[in-house]
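**Q** Residue numbers (my numbering): 54 to 419. Glycine included, every Cβ here is placed at the ideal spot set by N, Cα and C. Only a predicted model underlies this, so the values are computations on that prediction, with no experimental measurement involved. Once you've had a glance at the structure underneath, I'll fire off some questions.
Next comes the structure, spelled out in structure tokens:
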């Protein structure tokens, strides 16, 4: 009898140990970095449904321009999209229930880069219309970094960190793709697949990283940053031919002015024996002259043009609340001085009424 009891107990322990082994193996697989398990190409998934039942609040086709931004006010509104009149940015605001890490919007189409946090964090881009209706989502390979919608609302570029969480981090890696906002197609799965030319020869390197896309009036052409060998370059690209050309060195996160004549960007200063920082600057595309703006603090942001004369950008709040960001404005000609534009605001987007020939749903700001 004792022998039989011992054999049964041993079998029971073997089964328990086997189950523990399966659990440990499963944890190892699912704790493997998300970017390793994600397919190389972004994928379009069926539309999602927002929990919000609030009415549309975007000033689509309205007479007055608006400012949209991500709220960084600590509390219930943190991360939610906020709208204010552009000429009264500190007036009463309309708040949506959509939460984003980064956002951009133009001509009736918006893109919200966001994280879905749970046992395992995943990232996605939600493409939405003027009424906050999500049209489709695109899986992202890493942490949201930059997003830009073309002025006609036709395409958008999205950049994420595949590894690292800052452009100042050694060994960071990015992934930038371009999607068609009319169809949901990923028309450029990875800018690293573009044919890149520099000084008449093809530039090929294992450490190429692309980020900070900005589109011209013709959504087929764009400017962006490419980094390689510890240096950064301004490139001009063409979507139709999947080709890009290096135009200038030491220029990051370009933002094309509304009249398409200048680029606002951040320029690396310091290094070697001192600390590294980034200064806001502007490049005239016709004369190739560049100049620093009056803002002397280090900027880790892609600027947004308020109009042809002024530039918006975000800076951390001066208090110890590191999660709080404020939006500032500074003249684009290098004169004047920076001033606070909207407190507790990040990822600002200037929204202007657009021609009604764009086939987007029209709503009115109440």
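#1: State the DSSP-derived secondary structure class of residue 245, mapped to helix, strand or coil.
#2: Please tell me whether, using a cut-off of 8 Å, the distance from the CB of residue 284 to the nearest non-hydrogen atom of the ligand NAP is below it.
#3: I believe residue 364 touches residue 346 by the beta-carbon criterion, under 8 Å. Please report the beta-carbon distance rounded to the nearest angstrom.
#4: For residue 123, count neighbouring Cβ atoms within 10 angstroms of its own Cβ and tell me buried if that reaches 16, exposed if not.
#5: Among residues of its own chain, excluding the 5 on either side of residue 431, which ones have a beta-carbon nearer than 8 Å to its beta-carbon?
#6: Thinking just about the alpha-carbon of each residue, which of 231, 299, 280 is nearest to the one in residue 252?
#7: Does residue 329 come out as helix, strand or coil in the three-state DSSP assignment?
#8: Around the Cβ of residue 359, are there at least 16 other Cβ atoms within 10 angstroms (buried) or fewer (exposed)?
#9: Determine the contact status of residue 9 and residue 285, defining contact as a CB-CB distance below 9 Å.
#10: Would DSSP call residue 303 helix, strand or coil?
#11: What residues in its chain sit with their C-beta under 8 Å from that of residue 260, if we drop five residues either side in the sequence?
#12: Taking DSSP's pairing of strands, which residues face residue 165 in a bridge?
#13: Could you say which of 263, 164, 338 lies nearest to residue 227 if we only look at CA atoms?
#14: Using three-state DSSP, classify residue 265 as helix, strand or coil.
#15: What are the partner residues of residue 197, as DSSP defines its beta bridges?
#16: Quick one: Cα of residue 160 to Cα of residue 254, how far?
#17: Can residue 164 and residue 180 be called in contact, C-beta distance under 9 Å?
#18: Name the two residues that bound the continuous beta strand (DSSP E) containing residue 173.
#19: Provide the residue span of the beta strand (DSSP E) that contains residue 228, from first to last.
#20: Mapping the DSSP letters down to three states, classify residue 205 as helix, strand or coil.
#21: With a 10 Å radius around its C-beta and 16 neighbouring C-beta atoms as the bar for buried, classify residue 203 as buried or exposed.
#22: Buried or exposed for residue 266, going by 16 or more other Cβ atoms inside 10 Å?
#23: Is it right to say residue 85 is buried, meaning 16 or more other beta carbons lie within 10 angstroms of its own, or is it exposed?
#24: Which residues bound the beta strand (DSSP E) around residue 277?
#25: Could you check how far apart the C-beta atoms of residue 290 and residue 277 are, in whole angstroms? I think they sit under 8 Å.
#26: Between which two residues does the beta strand (DSSP E) carrying residue 259 extend?
#27: With DSSP as the reference, label residue 313 as helix, strand or coil.
#28: Let's test the definition: count the other Cβ atoms within 10 Å of the Cβ of residue 112 and tell me whether it reaches 16, buried, or not, exposed.
#29: Does the stretch 128-142 touch the stretch 168-184, meaning 3 or more C-beta pairs lie closer than 8 Å?
#30: If I follow the unbroken beta strand (DSSP E) through residue 359, where does it start and stop?
#31: Output the boundary residues of the beta strand (DSSP E) element that contains residue 131.
#32: My output table needs one value for residue 351: the three-state DSSP class, helix, strand or coil.
**A** Let me spell this out:
#1: In this structure, residue 245 counts as helix in the three-state DSSP scheme.
#2: As presented, the structure is devoid of all ligands, the ligand NAP included, so that no description of it is given.
#3: 7 Å
#4: Result: buried.
#5: Residue 431 falls outside the range modelled here, since the chain spans only 54 to 419, and no answer is possible.
#6: Checked all of 231, 299, 280; the closest Cα to residue 252 is 299.
#7: strand
#8: buried
#9: Residue 9 lies beyond the stretch modelled for the chain, which goes from 54 to 419, so this question has no answer here.
#10: coil
#11: Closer than 8 Å at Cβ, skipping near neighbours: 280, 281, 282.
#12: Paired residue(s): 156, 179.
#13: 263
#14: strand
#15: 213
#16: 38 Å
#17: yes
#18: Careful: residue 173 lies outside any beta strand (DSSP E) and carries neither H nor E.
#19: Note, residue 228: beta strand (DSSP E), 226-233.
#20: coil
#21: buried
#22: buried
#23: Because residue 85 carries a pLDDT of 35, less than 50, the predicted location of this residue cannot be relied on, and the following value inherits that uncertainty. The residue in question, residue 85, is exposed, as its Cβ has fewer than 16 Cβ neighbours within 10 Å.
#24: 274-281
#25: 6 Å
#26: No beta strand (DSSP E) contains residue 259, which DSSP labels as neither H nor E.
#27: coil
#28: With a pLDDT of 46 at residue 112, under the threshold of 50, the modelled position of that residue is not reliable, and the figure given next carries that caveat. Label assigned to residue 112: buried.
#29: no
#30: 357-360
#31: Taken as a continuous stretch (DSSP letters only), residue 131 belongs to no beta strand (DSSP E), as it is neither H nor E.
#32: coil
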